[in-house]
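Peer 1:
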Amino acid sequence: MFGAHQRADKTSSFLEPHRSISSAIEMTTAASPPPRRRSVSLGVDVGTGSARAGLFDNDGRLLGSSSSQIQIWKDGDCAEQSSTDIWLAICTAVKAACSLANISGEEVTSLGFAATCSLVAVDYDGEPVTVSWSGDTRRNIILWMDHRAVNQAERINSSKSPVLEYCGGAVSPEMQPPKLLWVKENLPESWSMASRWMDLSDWLSYRATGDDTRSLCTTVCKWTYLGHAHMQQTNENDSRDMEALGWDDDFWEKIGLGDLVDGHHSKIGRSVAFPGHALGSGLTPEAAKELGLVAGTPVGTSLIDAHAGGVGVMESVPVSVDSESKEVDEEAISRRMVLVCGTSTCHMVISKTKLFIPGVWGPYWSAMVPQYWLTEGGQSATGALLDYIVENHVASPHLANRAASRSISIFELLNEILESAREELGSPFVAALTNDIHVLPDFHGNRSPIADPISKGMICGLTLDTSEKQLALLYLATVQGIAYGTRHIVEHCNAQGHKIDTLLACGGLTKNSLFIQEHADITGCPIILPRENESVLLGAAILGAVASKKYSTVREAMRALNAAGQVVYPSKDIKVRRYHDAKYRVFRGLYEQQLSHRSMMREALS
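Per our numbering, the sequence shown starts with residue 1, numbered consecutively.
1. Could you compute how far the alpha carbon of residue 501 sits from the alpha carbon of residue 489?
2. To which residues of the same chain is residue 97 closer than 6 Å at the C-beta, ignoring the five residues directly before and after it?
3. Can you give the Cα-Cα distance for residue 32 and residue 38, rounded to whole angstroms?
4. Once the 5 residues before and after residue 207 are set aside, which same chain residues still bring their CB inside 7 Å of it?
5. Hey, residue 113 and residue 201: beta-carbon distance below 7 Å or not?
6. Assuming residue 260 contacts residue 246 under a Cβ cut-off of 8 Å, what Cβ separation, rounded to an integer in Å, is found between them?
7. Which ranges would you report for the alpha helix (DSSP H) in the stretch 266–338 if only whole runs of at least 4 residues count?
8. What are the start and end residues of each continuous beta strand (DSSP E) run of 3 or more residues lying completely inside the stretch 410–456, in chain order?
9. Find the nearest neighbour of residue 558 within the set 369, 377, 335 and 339, judged by alpha-carbon distance.
10. According to DSSP, is residue 135 helix, strand or coil?
11. Are there 16 or more other CB atoms within 10 angstroms of the CB of residue 124, so buried, or fewer, so exposed?
12. Can you tell me which of the three DSSP states residue 550 falls into?
13. Does DSSP put residue 502 in a helix, a strand or coil?
14. Can you list, in chain order, the residues of its chain whose CB lies under 6 Å from that of residue 443, leaving out five sequence neighbours each side?
15. Following the continuous beta strand (DSSP E) through residue 80, name the residue where it begins and the one where it ends.
16. By a C-beta neighbour count over all protein chains shown, 10 Å radius and 16 as the cutoff for buried, is residue 581 buried or exposed?
17. Within 10 angstroms of the Cβ of residue 177, are there 16 or more other Cβ atoms? Answer buried if so, exposed if not.
18. Below 6 Å CB to CB, which residues in the same chain sit around residue 149 once its five sequence neighbours on both sides are set aside?
19. Just verifying my parser: in three-state terms, what is the DSSP assignment at residue 40?
20. In terms of residues, what are the limits of the beta strand (DSSP E) holding residue 152?
21. Grab me the residues of residue 138's own chain with a C-beta within less than 6 Å of its C-beta, minus the 5 sequence neighbours each way, in chain order.
22. Return the CA-CA distance between residue 601 and residue 220, expressed in angstroms with no decimal places.
23. Compare the Cα-Cα distances from residue 459 to each of 448, 449, 480 and 450 and report the closest residue.
24. Hey, residue 318 and residue 560: beta-carbon distance below 7 Å or not?
25. Would you kindly report the start and end of the unbroken alpha helix (DSSP H) that includes residue 582?
26. In angstroms, rounded to a whole number, what distance separates the CA positions of residue 470 and residue 484?
27. Give the DSSP bridge partners of residue 607, in chain order.
28. For residue 175 and residue 228, I'd like the C-alpha separation in whole angstroms.
29. With which residues is residue 459 paired in a DSSP beta bridge?
30. Compute the Euclidean distance between the alpha carbons of residue 531 and residue 111, then round it to the nearest angstrom.
31. Candidates 204, 120, 190 and 255: which alpha carbon is nearest residue 156's?
32. Under a Cβ-count criterion, where at least 16 other Cβ atoms within 10 Å of its own Cβ denotes burial, should residue 59 be classed as buried or exposed?
33. Over the uninterrupted beta strand (DSSP E) stretch that includes residue 530, give me the two end residues.
34. Taking its Cβ as the centre, do 16 or more other Cβ atoms sit within 10 Å of residue 569, making it buried, or is it exposed?
35. What is the C-beta distance between residue 62 and residue 303, in whole angstroms, given that I count them as a contact (C-beta under 8 Å)?
36. Just verifying my parser: in three-state terms, what is the DSSP assignment at residue 27?
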């Protein structure tokens, strides 16, 4: 779920240059030892707009990365992609990353995939099956952000199935059951042709290895699979593909998709495994040739992209002088919430006990860190919303040209304009510039904690001003609205039993210092940024490293490869806190007003 904010390539970040021992050869008659090959872990991440590849050394440092754009077809609530296009983009990105980092395919010793939670349809031969009104066979993916299935989601939620307890009480139209039901009801020919329905990251690992084992991450988070059915059966150390015991057949029958139960759930997953489980015999010869790698290279069971970000950052905490005991450490990791900030933002926190939180997805067992329960909040439009607000303002083209002439981003320029405005107006702090402009950021519905897919965005305080300064204020108010949404999620989770006191953030939006500082000030939590910017790629690479047996568990690999960078602390100024408390009350009131308006209009039309 990541957009342009996160797609900046790191192709020059060769933090561990190739070491040749030839320069160290001494004049001796003894035979020289053969050159040692590096052991490099490869992570692949398919986001909303591009496929990226990143190469990491044994310390979790990025050696090099590359990206390749992928196509999106949008029409109203529908958003579609092509699995063929995505695989070609991955091959391009992997080869380019290896070339730029001067790394041979033989040096890549493992591979892991992460991707958006998009739905892929293929036939018995693995060929694309269209999911589009257009009938275009290339368009065989319903993108994660597609909202065509709102009606189907409402009907599924009215079933009151017990499985809904494990996704916050309701499925979202962004999950797979509503999308599957939409296809069955609207594209019957495609429904009959499809032999496999897969989450995108599962399809990638299947395309690479030929192994159809599904991840506990994708199936539990997006398909209503009950991962805790395996709690007593096995643990991560004996990782293997497990018979899919967690499907609730009654649920599928009740919502009109009973045919997916046929063949031991062959169309949606007969077997599942922990993230990082070694799939099949590694890369198939065909996939290895396409990627420029070696056949048999270990491939780990995949993760959704945001969850890979969680794996890539959750242990990125500053080293304490006093080593913690295991008990204290277990408690500490449960007080951390990871924000993966891109096109949308995901808010993830894990615990050893399951906590049912209305309006927040989960509890999901082993869906991110094996043998932990995951609670997952989210905002469906964050980076996408900031792009929308800026790009649709009349001052945007001129501002974009100014930014380009200085080789900085438009957001950096907006931040400068805000600081100038603060000095000019004598404002006590930048945030106070928006005292009379307020934004409810639900432009693509509210995922958490209200779980209202038809919620709309609201802006209060507009004037006829079309200046760059006015755009800067609207941009700041939007950043604040997004941060108030995060505060709402954190407070809601803590009220239901979590004890979140620290945030860790990754993704493209974290490159924006204003975005991070406003989140710290508004939530009151310190925010830890990782040493490596590309946390999603690192999380994907960790999956392969575990599959290669370099590490015995995902958590062990996280401890070895995660590393902290900058820590951003909330302001200690009581005026800042008082100001944000007031604006937060306005923020909460905007949604209440919307509900009131919705009710009045419904009554008027009844």
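A virtual CB, placed ideally from N, CA and C, is assigned to each residue, including glycine.
Peer 2: Let me spell this out:
1. When only Cα atoms are considered, residue 501 and residue 489 end up about 13 Å apart.
2. Closer than 6 Å at the Cβ level, and outside the excluded window around residue 97, lie 53, 55, 64, 65 and 66.
3. Any reading at residue 32 needs caution, since the residue's pLDDT is 49, under 50, leaving its predicted position unreliable; the model's value is listed next. Cα to Cα, residue 32 sits roughly 18 Å from residue 38.
4. Cβ within range, chain order: 87 and 287.
5. Closer than 7 Å, so yes.
6. About 14 Å; that fails the 8 Å criterion.
7. Qualifying alpha helix (DSSP H) stretches, in chain order: 285–291, 305–313 and 326–333.
8. List check, beta strand (DSSP E) in window: 438–440.
9. The shortest C-alpha separation from residue 558 is found at 369.
10. Coil at residue 135, not helix or strand.
11. It counts as exposed.
12. In the structure shown, residue 550 sits in coil (DSSP, three-state: anything other than H, G, I, E or B).
13. DSSP places residue 502 in strand when its eight states are reduced to three.
14. Same-chain partners within the cutoff: 381, 385 and 457.
15. Note, residue 80: beta strand (DSSP E), 78–81.
16. Its Cβ having fewer than 16 others within 10 Å, residue 581 is exposed.
17. Classification for residue 177: buried.
18. Correct list, in chain order: 173, 178, 179 and 182.
19. If DSSP states are grouped into helix, strand and coil, residue 40 belongs with the strands.
20. For residue 152, there is no enclosing beta strand (DSSP E); the residue is found in the alpha helix (DSSP H) stretching over 150–157.
21. Cβ neighbours of residue 138 beyond the five flanking positions: 82.
22. The alpha-carbon separation between residue 601 and residue 220 amounts to approximately 38 Å.
23. Residue nearest to residue 459 within the set 448, 449, 480 and 450 is 480 (criterion: CA-CA distance).
24. With contacts defined by Cβ atoms closer than 7 Å, residue 318 and residue 560 do not form a contacting pair.
25. Per DSSP, residue 582 belongs to the alpha helix (DSSP H) from 574–605.
26. Cα-Cα distance, rounded: 21 Å.
27. Outside the modelled stretch of the chain, which goes from 1 to 606, sits residue 607, for which no answer is possible.
28. Spanning the two alpha carbons is a distance of roughly 19 Å.
29. Beta-bridge pairing by DSSP links residue 459 to 439.
30. CA-to-CA, the gap between residue 531 and residue 111 works out to about 21 Å.
31. Check the Cα spacing between residue 156 and each of 204, 120, 190 and 255: the tightest is with 255.
32. By the neighbour-count rule (16 or more Cβ atoms within 10 Å), residue 59 is not buried but exposed.
33. Bounds of the beta strand (DSSP E) holding residue 530 are 527–530.
34. Around the CB of residue 569, fewer than 16 other CB atoms lie within 10 Å, so the residue is classed as exposed.
35. Contact between residue 62 and residue 303 does not hold, since the beta-carbon distance rounds to 18 Å and is not under 8 Å.
36. Because residue 27 carries a pLDDT of 32, less than 50, the predicted location of this residue cannot be relied on, and no value is offered for it.
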